[in-house]
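Here's the structure, in structure tokens; my notes come after.
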Amino acid sequence: MTIGCPECGALEDIPPLTAHTYARCRTCHFPLERRSGRSQGAALACATSTFVLLFPANLAPLMVVHMLGIEHSSVLSSGIVKMWNDGWFILALLLGTFGIVLPFIRFGGLVAVLVALRLGRRTRGIGALFRWTTSLDIWTMPDVYLVGCFVGYARVTQNLTSSIGPGGYCFIAAALLSMLTRASLDRRTVWRAIVADNPLPEHETPLCCTVCDLVVPMSQEGRPCPRCGLTLRARKTDAVVRASALSLAALVLTIPANLFPMTSSMQLGRIQSHRIIDGVYQLFHAGLWPLGILITCTSIVIPVAKILGMAWFVVSVQRRSRRHLRVKTHLYRLIDELGRWSFVDVFTIAAFIPLIQFDGIASARPAIGATAFALVVLLTMAASHAFDPRLMWDVHPRSER
Numbered sequence: 015m016t017i018g019c020p021e022c023g024a025l026e027d028i029p030p031l032t033a034h035t036y037a038r039c040r041t042c043h044f045p046l047e048r049r050s051g052r053s054q055g056a057a058l059a060c061a062t063s064t065f066v067l068l069f070p071a072n073l074a075p076l077m078v079v080h081m082l083g084i085e086h087s088s089v090l091s092s093g094i095v096k097m098w099n100d101g102w103f104i105l106a107l108l109l110g111t112f113g114i115v116l117p118f119i120r121f122g123g124l125v126a127v128l129v130a131l132r133l134g135r136r137t138r139g140i141g142a143l144f145r146w147t148t149s150l151d152i153w154t155m156p157d158v159y160l161v162g163c164f165v166g167y168a169r170v171t172q173n174l175t176s177s178i179g180p181g182g183y184c185f186i187a188a189a190l191l192s193m194l195t196r197a198s199l200d201r202r203t204v205w206r207a208i209v210a211d212n213p214l215p216e217h218e219t220p221l222c223c224t225v226c227d228l229v230v231p232m233s234q235e236g237r238p239c240p241r242c243g244l245t246l247r248a249r250k251t252d253a254v255v256r257a258s259a260l261s262l263a264a265l266v267l268t269i270p271a272n273l274f275p276m277t278s279s280m281q282l283g284r285i286q287s288h289r290i291i292d293g294v295y296q297l298f299h300a301g302l303w304p305l306g307i308l309i310t311c312t313s314i315v316i317p318v319a320k321i322l323g324m325a326w327f328v329v330s331v332q333r334r335s336r337r338h339l340r341v342k343t344h345l346y347r348l349i350d351e352l353g354r355w356s357f358v359d360v361f362t363i364a365a366f367i368p369l370i371q372f373d374g375i376a377s378a379r380p381a382i383g384a385t386a387f388a389l390v391v392l393l394t395m396a397a398s399h400a401f402d403p404r405l406m407w408d409v410h411p412r413s414e415r
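The opening position of the sequence shown corresponds to residue 15 in our numbering, with each subsequent residue numbered one higher.
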């Protein structure tokens, strides 16, 4: 059946695929469909297990620390609640939404869709529900939170005796299963089960849905998509303006995010502040160089690369450049996928600050740099989501593609 490539807008006829084959766009090489490793049954099992495990992961003790006969334990939300109580409302709201609230919504909705399709009940609104679960994919971050917990656990164990609680093991399993869900879910098959693909309209200009890639006549523009319910547009509205504004705001906030401290700690009456670069230095100095490299990439390299990459895309559209279109498309895909991992540093703060709360001896709290950095990551993710990569390919006539 005919679908529209979400990266370059080219129309592709995909024949039935066997278990070990895949289809990619002939224009930009975007992977349109892959059957290898995909299974709706496995996706349903992983999504259900993830949803169920999220309950004990959030309610049972995550980590436990011991110091001078005093024992402190934390649950997944302890650091976020601590931030809220200390007045860091924006930071707590972002981390609570992406790390706790959205995983329940995303996997609960996905389970509902897959169960309904398995039972053959294509109820009204199932396409819109799957669209929402798909859109929430990059904003749902149990896997990113897990890496942040590992980094936070490594920092805590440098000076304190600590152990992982039952909630920690449940959260590890839930985060790993969430990644397996993403890997095993065959979105194309789900969309076809909701509403079958349409043949290419004859004698009419085709219009492709930007979410489910359904091809409809251009006369349907402005109406809801028959499959997912999204309002159909030939291109995202004001994509360049919105992406430019969000990227510029992120660039401005990059300065305080790197100059101001991310955390402030007190040890025996001595107050110390730590910037991003200070945290990286401490990890390398403690011999944790793999974690140091990880934080360098997620907290320094990726945010800067996202801003520079978005600037390149916007300038390319404005100048109507035809150069390196495939390279820019691959880079956009990489930026859009990796952007969420920059939240590792702020999730690390949420993981370890509730454990270092020993009155008069040691304590830790977030600082202004953490809020600025979280906003940088949020704005760069929003910028890549607002941008429409098909605009870069509009300079080529269809015959040249």
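Note that the Cβ used here is the ideal one computed from N, Cα and C, for glycine as well.
Beta-bridge partners of residue i, as assigned by DSSP
i	result
Asp27	Thr16
Val115	None, per the DSSP bridge assignment.
Val78	Ser87 and Ser177
Ser377	Met280 and Gln371
Ala384	Partner(s): none; Ala384 has no beta bridge.
Arg38	Pro45
Thr245	Pro238
Rounded C-alpha distance that separates residue i from residue j
i	j	result
Pro368	Thr394	28 angstroms
Leu46	Ile152	18 angstroms
His399	Thr175	42 angstroms
Leu392	Leu260	9 angstroms
Glu414	Asp408	Here the model assigns Glu414 a pLDDT of 41, short of 50, so the residue's position is not dependable and the matter cannot be decided.
Pro117	Thr245	26 angstroms
Arg136	Asp211	15 angstroms
Ile314	Leu131	43 angstroms
His80	Ser377	14 angstroms
Ile178	Ala257	41 angstroms
Gly353	Ile316	7 angstroms
Gly383	Val390	10 angstroms
Tyr346	Pro403	7 angstroms
Arg241	Thr224	12 angstroms
Val255	Met324	12 angstroms
Ala397	Glu85	44 angstroms
Leu76	Pro270	32 angstroms
Leu322	His344	15 angstroms
Pro213	Gln234	15 angstroms
Leu273	Glu351	27 angstroms
Thr195	Ile285	43 angstroms
Ile104	Thr35	45 angstroms
Cys39	Leu265	33 angstroms
Trp102	Ala388	12 angstroms
Asp100	Ser91	14 angstroms
Thr268	Pro275	13 angstroms
Gly23	His338	17 angstroms
Ala59	Arg249	36 angstroms
Cys163	Leu190	13 angstroms
Trp303	Phe366	19 angstroms
Gly301	Val161	18 angstroms
Val358	Tyr167	13 angstroms
Whole-angstrom C-beta distance between residue j and residue i, which should lie under 8 angstroms
i	j	result
Leu25	Pro220	6 angstroms
Val424	Leu108	Only positions 15 to 415 of the chain appear in this structure, which leaves residue 424 out of reach.
Val125	Phe144	Incorrect: roughly 11 angstroms between the Cβ atoms, too far for contact.
Arg120	Thr154	4 angstroms
Tyr159	Gly113	4 angstroms
Ile208	Ser279	About 51 angstroms separates the two Cβ atoms, so there is no contact after all.
Ala142	Gly306	About 44 angstroms; that fails the 8 angstroms criterion.
Span of the beta strand (DSSP E), counted from its first residue to its last, around residue i
i	result
Ser287	Arg284 to His288
Leu221	Pro220 to Cys222
Residue i Cβ short of 7 angstroms to the ligand ADP heavy atom set
i	result
Arg379	This structure does not include the ligand ADP; it has no bound ligands of any sort.
Segment limits, alpha helix (DSSP H) that includes residue i
i	result
Val229	Segment Val229 to Pro231 is the beta strand (DSSP E) holding Val229; no alpha helix (DSSP H) there.
Thr203	Arg201 to Ile208
Leu302	Here Leu302 belongs to no alpha helix (DSSP H), and DSSP marks it neither H nor E.
Val329	Ile316 to Arg333
Gly110	Phe103 to Gly110
Met97	Ser92 to Asn99
Lys342	Leu339 to Leu352
Ile152	Careful: Ile152 lies outside any alpha helix (DSSP H) and carries neither H nor E.
Leu133	Run containing Leu133: none; DSSP gives neither H nor E here.
Thr268	Ala253 to Leu273
Trp407	Arg404 to Trp407
Open item on the list: If contact is defined by three or more beta carbon pairs under 8 angstroms, each pair taking one atom from either stretch, is the segment 197-214 in contact with the segment 94-104?
Closed with: The answer is no - the segment 197-214 does not touch the segment 94-104, with fewer than three Cβ pairs under 8 angstroms.
Task: Sufficient close CB pairs (3 or more, under 8 angstroms) joining the segment 49-67 to the segment 355-371 - done: Using a C-beta cut-off of 8 angstroms, the segment 49-67 makes no contact with the segment 355-371, since fewer than three inter-stretch Cβ pairs fall below that distance.
Open item on the list: Can you confirm whether the segment 286-294 touches the segment 302-310 when touching is taken to mean that 3 or more C-beta pairs between the two stretches lie within less than 8 angstroms?
Closed with: They touch, by the three-pair rule.
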